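In what follows, a structure is listed as structure tokens, so that the remarks can point back to it.
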Amino acid sequence: MILPFFPLNMVVFPNEAINLHVFEPRYKQLIHECDTEKKTFGIPTFMDDKIQEYGAELKLLEISKKYPDGRMDIKAEGQRIIKVKTWENPVKGRLYAGGEVELITPTDHASLSEKMLLLEKIRELYEVVNVEVEVEADEPFLTYIFAHKLGLSQEEEYEMLKLKDESQRISFLQRHLSKAIPTVREIERIKARIRMNGHFQRLDPLDF
């Protein structure tokens, strides 16, 4: 499949809703065509000063606002994972880049018990930082819901994007959380001690 490309310095996941402010002429042309022709576009991840092999296909949901100078605010939603096969910059007769991609549809074959264990770890992390979790374990594609909310680096998010099935992604996040939770606990402990510095503390006398 041939897609127009809108590279960004971020990892976009399937099912993810994103808002973009479009101001460059090439991307204004791209979004206008996606709007009028009802076609999707690709966001290959730009990382380490180069376009990466993987990214996401996005569907334009709406143009929320148009400005007098042609700029626009848009809402889009991640669809499938893309693997870039060819790169043409610019596409002939267009201002934007594009190319052939392989479309990869992510799957969710994870069991409910796998999801419950992951959600238990997420709740453990969020309890440390005093944040509530309102998502249920039977939610489809649970990993994508929390992809940007668990302290993953961009490189780690990119590695997770390449994993096709939910079971693989759950294992990936479980490993991350097993390392992250003790670190976050220690950071919160240090922050609490810093907040106490200089304050009077009531200490119970020791009974010898």
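Counting in my numbering, the sequence shown runs from 2 upward without gaps. Where a beta carbon is used, it is the ideal one built from N, C-alpha and C, also for glycine. For clarity, every value in this text was computed on a predicted model and none was experimentally measured.
Alpha-carbon spacing of residue i relative to residue j, whole angstroms
{"i": "I3", "j": "I171", "result": "31 Å"}
{"i": "L113", "j": "D166", "result": "14 Å"}
{"i": "Y145", "j": "L174", "result": "11 Å"}
{"i": "L119", "j": "V12", "result": "21 Å"}
{"i": "D139", "j": "I44", "result": "29 Å"}
{"i": "M117", "j": "E158", "result": "21 Å"}
{"i": "V23", "j": "S179", "result": "39 Å"}
{"i": "R27", "j": "F14", "result": "23 Å"}
{"i": "F209", "j": "A193", "result": "At F209, the pLDDT of 41 sits below 50, so the modelled position is not reliable; the number obtained from the coordinates is stated separately. Rounded to the nearest angstrom, the two C-alpha atoms are 29 Å apart."}
{"i": "T184", "j": "R176", "result": "13 Å"}
{"i": "M71", "j": "R196", "result": "Residue 71 is actually Gly in this sequence, not Met. Each residue's Cα considered, the two are about 49 Å apart."}
{"i": "P107", "j": "E128", "result": "30 Å"}
{"i": "L153", "j": "T46", "result": "15 Å"}
{"i": "L9", "j": "V132", "result": "29 Å"}
Whether residue i touches residue j by CB criterion (8 Å)
{"i": "T87", "j": "E101", "result": "yes"}
{"i": "I245", "j": "L104", "result": "As displayed, the chain neither begins before 2 nor continues past 209, which places residue 245 out of reach and without an answer."}
{"i": "Q30", "j": "L126", "result": "no"}
{"i": "I188", "j": "L151", "result": "no"}
{"i": "M48", "j": "Q169", "result": "no"}
{"i": "E63", "j": "T41", "result": "no"}
{"i": "Y55", "j": "K163", "result": "yes"}
{"i": "I32", "j": "M73", "result": "yes"}
{"i": "V134", "j": "L143", "result": "no"}
Bridge partners - residue i, DSSP secondary structure assignment
{"i": "N20", "result": "K76"}
{"i": "A57", "result": "I44 and I82"}
{"i": "I64", "result": "I75"}
{"i": "P5", "result": "G99"}
{"i": "A89", "result": "Checking the displayed sequence, the identity of residue 89 turns out to be Glu instead of Ala. G99, per the DSSP bridge assignment."}
Option in the options with minimal Cα separation from residue i
{"i": "E17", "options": "E156, Q80 and K51", "result": "Q80"}
{"i": "H149", "options": "A138, M161, E140 and A111", "result": "M161"}
{"i": "I191", "options": "V130, A138, I19 and E58", "result": "V130"}
{"i": "P5", "options": "E133, F14, E38 and N20", "result": "E38"}
{"i": "H110", "options": "T46, E58, P141 and I195", "result": "P141"}
{"i": "C35", "options": "L143, G99 and L61", "result": "L61"}
{"i": "G99", "options": "I52, E135 and K66", "result": "I52"}
{"i": "V92", "options": "I195, T46 and F7", "result": "F7"}
{"i": "E121", "options": "T108, D70 and I182", "result": "I182"}
{"i": "S65", "options": "G94, E128 and L21", "result": "L21"}
Residue i at chain D interface by Cβ criterion, 8 Å
{"i": "M11", "result": "Absent here is chain D; the protein component of the structure consists of one chain."}
Which runs of the alpha helix (DSSP H) fall wholly inside the segment 92-139 and span at least 4 residues, in chain order?
-> Taking only runs of at least 4 residues, the alpha helix (DSSP H) segments lying wholly in the segment 92-139 are 113-129.
Pick out the complete alpha helix (DSSP H) segments inside the segment 132-186, 4 residues or longer, and give them in chain order.
-> Complete alpha helix (DSSP H) runs here, min 4: 143-147 and 155-162.
In the segment 26-51, which residue ranges form an unbroken alpha helix (DSSP H) of at least 4 residues, counting only runs that do not cross its ends?
-> With a minimum length of 4 residues, the continuous alpha helix (DSSP H) runs that stay inside the segment 26-51 are 26-38.
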